[in-house]
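Participant: Quick one: structure below, then a few questions.
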Amino acid sequence: MGEMKELEVKAWLNRAFYADKKVKALEMLVEKRREQATSVSVCYECNDKGKSDGSKNSTEEALMMIAESELELLRNIRELMKIANEVSCAIAQLHDDDLETVLIHRYLLFHTIEQTAELMNYSVRTIKNKQSKAIEKLCTFLPCFAP
22 MGEMKELEVK AWLNRAFYAD KKVKALEMLV EKRREQATSV SVCYECNDKG
72 KSDGSKNSTE EALMMIAESE LELLRNIREL MKIANEVSCA IAQLHDDDLE
122 TVLIHRYLLF HTIEQTAELM NYSVRTIKNK QSKAIEKLCT FLPCFAP
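So the sequence shown is numbered by this note's numbering: it starts at 22 and just counts up by one.
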């Protein structure tokens, strides 16, 4: 198997990792916007006298931003689940529990090689070898990478 194919398969497997990072960032954004909206509405509640339509608009705008952020978060969670399912299905095609476990740790649980080695009671070198063997096998039957 060529070096490029191995890198391409690793990139394909890593899609869940990057989708997960994006979901976590969007979760933080939603939380920040909720905090901002709370501070906007609390500020206006304290100064009830002479409350203008502008304050209602600011609160409404903040709530709209939260809703938009939540929708974006949900879209990304669905995409993450789709990608994770694709990766999981590909891993299951290995029909080798040991190799599958290595790839689950690496590409679905996002453990480092060192963490995977520790969790599986193998050396780092063994995990690297098993990961290479698994990726090599994946190349032969994944339609996007098969020769």
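Virtual Cβ for every residue (Gly too), placed ideally from N, Cα, C.
Computed from a predicted structure; not experimentally measured.
Pairs of beta-carbons, one from the segment 130-145 and one from the segment 44-60, closer than 8 Å: are there three or more?
Facilitator: Judged by Cβ distances under 8 Å, the segment 130-145 makes no contact with the segment 44-60, as fewer than three pairs qualify.
Participant: Note down the Cα distance separating LEU163 from ALA111, rounded to an integer number of angstroms.
Facilitator: By one-based count along the sequence shown, residue 163 stands at place 142. By one-based count along the sequence shown, residue 111 stands at place 90. Roughly 7 Å between the two C-alpha positions.
Participant: With DSSP run on the structure shown, which of helix, strand or coil describes LEU50?
Facilitator: Locating residue 50 in the sequence shown gives position 29, counting from the first residue. Three-state DSSP puts LEU50 in a helix.
Participant: Identify which residue in LEU159, ALA58, HIS132 and LYS53 has its Cα closest to the Cα of ILE148.
Facilitator: Residue 148 sits at position 127 when you count from the first residue of the sequence shown. Comparing Cα positions, the closest option is HIS132.
Participant: Identify, in the order they occur along the chain, each residue of the same chain with its Cβ nearer than 7 Å to the Cβ of SER144, setting aside the five sequence neighbours on each side.
Facilitator: In the sequence shown, counting from the first residue as 1, residue 144 sits at position 123. So the qualifying residues of the chain are ALA138.
Participant: Could you confirm whether any beta carbon from chain B is found closer than 8 Å to the beta carbon of LEU130?
Facilitator: Chain labels in this structure do not include chain B; a single protein chain is all it has.
Participant: Buried or exposed for ARG146, please, with buried defined as at least 16 other CB atoms from any protein chain shown within 10 angstroms of its CB.
Facilitator: To locate residue 146, count along the sequence shown from 1; it is residue 125. Answer is exposed; the Cβ neighbour count stays below 16.
Participant: For ASN106 and MET85, what's the separation of their Cα atoms in angstroms?
Facilitator: Here residue 106 refers to the residue found at position 85 of the sequence shown. Here residue 85 refers to the residue found at position 64 of the sequence shown. Going from the Cα of ASN106 to the Cα of MET85 covers about 32 Å.
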